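Visitor:
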Amino acid sequence: MKAMLLHEDRLFPAESSVRKVARSLYDGVRNLPIISPHGHTQAAWFATNEPFPDPAALFVQPDHYVFRMLYSQGVSLDDLEIGQPAAREPRKVWRIFASHYSLFRGTPTRMWLDFAFQELFGMTERLSEKTADVYFDAIAEKLRRPEFLPRALYEKFNIEVLSTTESPLDELKAHTAIRNSGWKARILPAFRPDPVVDPDYEGFAAQVAQLGEQNGEDASTWKGYLSALRKARARFKALGCTSTDHGHPTAQTADLQQAEAAALFAKVMAGKADAAERELFRAQMLTEMARMSVEDGLVMQIHPGSVRNHNRFVFERYGRDMGADIPRATNYVDALRPLLDRFGNERKLTIILFTLDETAYSRVLAPLAGHYPCLRLGPPWWFHDSPEGMRRFREQTTETAGFYNTVGFNDDTRAFVSIPARHDMARRVDCAFLGRLVAEHRLDEDEAHEVAHDLAYGLAKKAYRL
Amino acid sequence: MKAMLLHEDRLFPAESSVRKVARSLYDGVRNLPIISPHGHTQAAWFATNEPFPDPAALFVQPDHYVFRMLYSQGVSLDDLEIGQPAAREPRKVWRIFASHYSLFRGTPTRMWLDFAFQELFGMTERLSEKTADVYFDAIAEKLRRPEFLPRALYEKFNIEVLSTTESPLDELKAHTAIRNSGWKARILPAFRPDPVVDPDYEGFAAQVAQLGEQNGEDASTWKGYLSALRKARARFKALGCTSTDHGHPTAQTADLQQAEAAALFAKVMAGKADAAERELFRAQMLTEMARMSVEDGLVMQIHPGSVRNHNRFVFERYGRDMGADIPRATNYVDALRPLLDRFGNERKLTIILFTLDETAYSRVLAPLAGHYPCLRLGPPWWFHDSPEGMRRFREQTTETAGFYNTVGFNDDTRAFVSIPARHDMARRVDCAFLGRLVAEHRLDEDEAHEVAHDLAYGLAKKAYRL
Amino acid sequence: MKAMLLHEDRLFPAESSVRKVARSLYDGVRNLPIISPHGHTQAAWFATNEPFPDPAALFVQPDHYVFRMLYSQGVSLDDLEIGQPAAREPRKVWRIFASHYSLFRGTPTRMWLDFAFQELFGMTERLSEKTADVYFDAIAEKLRRPEFLPRALYEKFNIEVLSTTESPLDELKAHTAIRNSGWKARILPAFRPDPVVDPDYEGFAAQVAQLGEQNGEDASTWKGYLSALRKARARFKALGCTSTDHGHPTAQTADLQQAEAAALFAKVMAGKADAAERELFRAQMLTEMARMSVEDGLVMQIHPGSVRNHNRFVFERYGRDMGADIPRATNYVDALRPLLDRFGNERKLTIILFTLDETAYSRVLAPLAGHYPCLRLGPPWWFHDSPEGMRRFREQTTETAGFYNTVGFNDDTRAFVSIPARHDMARRVDCAFLGRLVAEHRLDEDEAHEVAHDLAYGLAKKAYRL
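Chains as they are written, first to last, in our numbering: chain A, 1 to 466; chain B, 467 to 932; chain C, 933 to 1398.
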């Protein structure tokens, strides 16, 4: 019989002197407020403050980390009622999930889930086919209580600031509603212009037109298009936005003459641009966004290198973001050069680089960030937001870029209740890394305490200007 | 003076709490039968059951792991009598090997050799120039005993099933002879069609013609060629074969219209295909093999990314497989897409992916296997079938793909007496990894015992349908 | 209050049994003489034996590891007086450095600096804004003492041999002066022909002409050019040179017919070669250098894969080598093949390969060096010359290439006083790695002592023929 799902010393190295330091560092940061500068929760949850519907809708259906693993082992997405507005039989979905729970052994998803099960819902016995209904009933019951409403959870989680990610076309009604409600939370939108800067995005041209209309500009011209983007950025900024986010297939940038750029824009809008020209357009737009960031101070985030919707059948049947995005090797050294030639030495500019290609950490990202004043390294992303992934990130970037060219943690999640679990994991793993440095006499303990605090709290606030 | 060559706790982490768990896990799996679903032993050894000739022929001449290291340090292959039918002076070869034994410090080869020296031949003092003759005499003497004949060793090794790797042109006489002999061993052929699907294979066209003749098909036509392959597969299957194996230079796949494929086949057979067309043909053949696997249930293994026979001089003088194959960076994300678009969601299909490019583990292979129902990850291959290589594999794949999208261990060896050593090493390294997870409270100990059993035994049986 | 900047057990694993072995191994090698076969100190320091001017000129201005980190965090190179003949206000530069010292937490630079501060200058309190002046005054005072002159330091550092790196155009006056002075130090030049073999090097054609003049050859012809190079090598060799060094953008080699090569040379000299032809010329020159090495016995070092002067603004304003070189993914498997086809099996030839692309370690460099008799692996280079980088190198190369296809340590530094710190770090990290192998029973302790000695001393002497 297990008393707890999670051990107090989890993720700390077993060796006693390292563990002792790690614990001590963690004690200093475990209760710091959460800074969440990048994620995919929905502002509407906090605007309406309605209860989360059921355990399946909370834990299974929105979380592609969960259902991609189930799918890989033969569970059908139909049986999980994925892509439906709401599960008709949430208990059935939950039982499928529970009976496959052993698949998650050794994964961070398992630890995030157990954290929420234990800390939020008080479960003490492991989820399994046998305990499926106990879990379902306990969670379903709690979700109806006032202390489990979105705003109550936000407060319970000790979140100091939470950024969502929105299209420039989003009217930000939920964000406005939160502001107007008088509730004292700091929930901000990040500006993600992919739908209006990536010609390969579904509905690109119509979205650009809409962008123009919304902002009172003629977005069929290059000048009007840029002005509309500037206005949209200003509108986001007025609601507290401090950052933009760019999910491009590559890190390619370009620095065309404005006349060339205008001609390229016209061709792209006319639907006559080939693949290389569409790539060039995205590349140019990163440099345009950097130019606007120099002007308005929004921090840029670049998330390149994901092949979206790799599984044709799943995409055609269930749509985007169904756990079938697969990373590709990513070039930064040549790709970023045009932008860096133009703005790389601007001290007012901050560009946070992410990667799904871990080979870039030591070869190119740490050398770049350890030199260019505008560059910082984002935390390990997506598949690498895991104990081993976070350890590799520190081991492969710190010696060249140090700690101060990194920016703390992003939870980057759609799964709201996983936020405390994810920050807790990151804090533990960073303390474990620092604990090893201290125990190996590569860093003094007083310095390690300062660094731990910066990694858990200070760097994210500073880098994201929060 | 050393009492033993190998320590009972070898390969377990030094930290006492991790080591304790690792030992306990290992105790649960060390004596499990060996499942060897992929390797390069010769069925003829077991069909004829003749003694292995001498120590050099057993340990040095067939093992390119051994002689490539000697060659790298200036030993000539002629002096090792490589490429000869049999050594004329095996003792001289053995002395050269023994006097260079320190080169193998820190390599898995050293541990495999020491395991066989100790466990099989009872040696207790380290091999060196000084002990060369003691070893030679002791091993040579034992090889003449009945308990060192191939079948006796097979039984002593506790092998439950052993797969060899054969060309579709192989008549499988040795496999048939084993079956007919009444000996109760399970020795199966795997179907490796490279000589008849790779236009760059020496003698390709003639081999295709022979394939047609052997199977009563006109293999000069696309249809006849495919039928001949189908029949050859059926013939292998009748002798217990459960898998195919594909050693392509890249992981490229294609999904041509059948008319296009037929035209390409004609061009390839006419010797008029250029390099890109020959690559396209191999790519198409992977998809054809997948189609046949959906029909007949054979599990596919894909082993891409080796530049074969990199050393021109060595190839011209000594032939293939002389330790001069060098890995190349390997693309999977785009390369596999045509095949996956066609069959990736087939739950009846199993494709086991291997790599020599470790950068693919976390970037693409784990994400692919953690999503597509047909994909599984093969164990670390070749240069990476080593303690550090196996550790990296687990550290870089588990968090995304879990344990259950992997398939246990392959010894993949030509060196029959290294089989127990290799499985023992894999079991120890997996238990060391699991021991760390348990000691860091990332996995419960009862679960770790289940996983250890699956990694050592269950997953290989299941994935290979044995 | 801290008594010491550095702990005696630094860089050893915390686990007690590993640490015990590591310490014991380190005790056997810590006081071995320093073999420094590759570096960038200046022979003139030892020829003139003048005092180093001030702390900033010693620690900050020549060390791009130091100022690149400061620059990345917004410090201007002008404020550091970089690119000036000498700092006008060294104390001001020093204070900037001191007040940013926390940026170096977790970096090897920090440990190298602390080593010199403690061992050479007797500092006991950490460098910071507060202690900046104490440091400046103490160091400045000591630099004026006789025991801090370059020759005295060379002797204090227990250097057995030190190689500098020089252009073929260098008259080697400083080296000659050292020889003629009667001082018994062994300071040798390495032959680095990049300025006369790389068409993209600033001033290439003029330098080739000068090479011809200096050596009494008509370097406008292919034959005369090669003869001039041969004579220049002989001149270096007469002053003790044992190696050449090649800093090419890629590892590409070629093996053209001599007539083709002559035509290419003519085109290159005429300034009419395009980028691909200039690359082909560099490629051919590596093979020419290998041919000369077979003749004259100079060991070749190949350092490929750095994108030099990535930051346009910094290059235009401050020049070369300003911390803005960024590594690129590097192909070896195809690139080296032409050279290896020609000379790969020459036992008289030694080629030492370096990389900035760590993915090459296990995928291609260890497999190559574990097979070809002429190849050896250089130590981790530049950004990877760090505790984690050196650990990864051993973990990723040893199992395939062993220890004896590696060549010991290079300090590769411009920062003379960091030499003992760098060798000490390498010895500690190698002993830590060996200590783990011993504690995990993967290597016997008596063997580990031999290997530790070879890694710290023997292999460098042997590989570089010193």
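By construction, the Cβ of each residue, glycine as well, lies at the ideal position given by its N, Cα and C atoms. Please read these numbers as outputs of a predicted model, since none were measured by experiment.
Tell me, please, which residues DSSP counts as bridged to Phe1123 of chain C.
Guide: C:Glu1098 and C:Thr1176
Visitor: Let me confirm a value: Ser36 of chain A is counted as buried when at least 16 other C-beta atoms fall within 10 Å, else exposed. Which label applies?
Guide: buried
Visitor: Interface residues of chain C around Asn405 of chain A at Cβ under 8 Å?
Guide: Per Cβ cutoff of 8 Å: Ser1004 and Gln1005.
Visitor: Which residue marks the beginning of the alpha helix (DSSP H) containing Ser490 of chain B, and which one marks its end?
Guide: Ser482 to Val495
Visitor: Looking at C-alpha atoms only, which residue of B:Leu472, B:Arg476 and B:Ala488 is the closest neighbour of Leu903 of chain B?
Guide: B:Ala488
Visitor: For the beta strand (DSSP E) containing Val765 of chain B, list its first residue and its last residue.
Guide: Following the DSSP letters along the chain, one finds Val765 of chain B inside the beta strand (DSSP E) bounded by residues Val765 to Ile768.
Visitor: Any C-beta of chain B sitting closer than 7 Å to the C-beta of Phe393 of chain A?
Guide: So no, Phe393 of chain A is outside the interface.
Visitor: Give every residue of the same chain whose Cβ lies closer than 8 Å to the Cβ of Gly1135 of chain C, excluding the five residues on either side of it in the sequence, and list them in chain order.
Guide: Non-local beta-carbon contacts of Gly1135 of chain C in its own chain, meaning distances under 8 Å to residues more than five positions away in sequence, involve Pro1127 in chain order.
Visitor: Less than 7 Å separating the beta-carbons of Val451 of chain A and Phe403 of chain A?
Guide: yes
Visitor: Quick check for students: name the residue ranges of the alpha helix (DSSP H) that lie wholly in the region 802 to 835 of chain B, counting only runs of 4 or more.
Guide: 803 to 809 and 832 to 835
Visitor: Between Phe809 of chain B and Tyr71 of chain A, what straight-line distance do the alpha-carbon atoms span, to the nearest angstrom?
Guide: 15 Å
Visitor: Does chain F have any CB closer than 7 Å to the CB of Ser956 of chain C?
Guide: Considering every chain present, this structure includes no chain F. Its protein chains are A, B and C.
Visitor: Provide the residue span of the alpha helix (DSSP H) that contains Arg110 of chain A, from first to last.
Guide: Pro108 to Phe115
Visitor: In angstroms, rounded to a whole number, what distance separates the CA positions of Leu730 of chain B and Leu921 of chain B?
Guide: 42 Å
Visitor: Taking 7 Å as the limit between beta carbons, can you name the residues of its chain near Gly1310 of chain C, skipping five residues before and five after?
Guide: By the criterion of a C-beta distance shorter than 7 Å, Gly1310 of chain C is surrounded in its chain by Gln1233, Ile1284, Leu1285, Phe1286, Val1339 and Asn1342, once the five residues flanking it on both sides are discounted.
Visitor: Quick check on Leu746 of chain B: does DSSP put it in helix, strand or coil?
Guide: helix
Visitor: Given this structure, state the Cα-to-Cα distance separating Ile139 of chain A from Val314 of chain A, to the nearest angstrom.
Guide: 30 Å
Visitor: With distances taken from CA atoms, which of B:Leu619, B:Pro574 and B:Arg658 is nearest Phe587 of chain B?
Guide: B:Leu619
Visitor: With a threshold of 7 Å between beta-carbons, can Met1232 of chain C be considered close to chain A, or not?
Guide: The C-beta of Met1232 of chain C comes no closer than 7 Å to any C-beta of chain A.
Visitor: When you compare the CB positions of Pro1270 of chain C and Thr1185 of chain C, do they come within less than 7 Å of one another, or not?
Guide: Contact: yes.
Visitor: Please go through the region 828 to 911 of chain B and give each complete alpha helix (DSSP H) segment of 4 or more residues, from N-terminal end onward.
Guide: 832 to 835, 853 to 867 and 885 to 905
Visitor: If you follow the alpha helix (DSSP H) that Ile139 of chain A is in, where does it begin and where does it stop?
Guide: Ala132 to Leu143
Visitor: Report yes or no: do the region 1095 to 1111 of chain C and the region 995 to 1010 of chain C share at least 3 C-beta pairs separated by less than 8 Å?
Guide: no
Visitor: Would you mind reading off the limits of the alpha helix (DSSP H) that contains Asp99 of chain A?
Guide: As written in the sequence, residue 99 of chain A is Ser, which differs from the Asp given in the question. In the DSSP assignment, Ser99 of chain A falls within the alpha helix (DSSP H) that extends over Pro90 to Ser99.
Visitor: Is the beta carbon of Pro1305 of chain C less than 7 Å from the beta carbon of Thr1332 of chain C?
Guide: No, the Cβ-Cβ distance between Pro1305 of chain C and Thr1332 of chain C is not below 7 Å.
Visitor: I want to see whether chain B comes within less than 7 Å of Ala14 of chain A, judged by CB atoms only; does it?
Guide: Chain B contact via Cβ: present.
Visitor: State buried or exposed for Pro612 of chain B, treating a residue as buried only when at least 16 other CB atoms are found within 10 Å of its CB.
Guide: exposed
Visitor: When the Cα of Tyr667 of chain B is compared with those of B:Asn775, B:Thr796 and B:Leu925, which residue comes out closest?
Guide: B:Asn775
Visitor: Closer than 8 Å, Cβ to any Cβ of chain B: which residues of the region 1284 to 1296 of chain C, in chain order?
Guide: Thr1291, Ser1294, Arg1295 and Val1296
Visitor: What do you reckon, are the CB atoms on Val93 of chain A and Val60 of chain A nearer than 7 Å?
Guide: If you check the CB distance, Val93 of chain A and Val60 of chain A come in under 7 Å.
Visitor: Helix, strand or coil for Ile644 of chain B, going by three-state DSSP, please let me know.
Guide: helix
Visitor: Terminal residues of the continuous alpha helix (DSSP H) containing Ser128 of chain A?
Guide: Secondary structure note for Ser128 of chain A: it is in no alpha helix (DSSP H), with a DSSP letter that is neither H nor E.
Visitor: Taking Thr242 of chain A and Gly39 of chain A to be in contact with their CB atoms under 8 Å, please state how far apart those CB atoms are, rounded to whole angstroms.
Guide: That pair is no contact at about 14 Å.
Visitor: Given this structure, state the Cα-to-Cα distance separating Ala675 of chain B from Tyr784 of chain B, to the nearest angstrom.
Guide: 27 Å
Visitor: I'd like to know if Ile326 of chain A contacts chain B, where contact means its C-beta is closer than 7 Å to some C-beta of that chain.
Guide: yes
Visitor: Starting from the C-beta of Met69 of chain A, find all residues in its chain whose C-beta is less than 6 Å away, skip the five residues before and the five after it, and write them out in chain order.
Guide: Leu103
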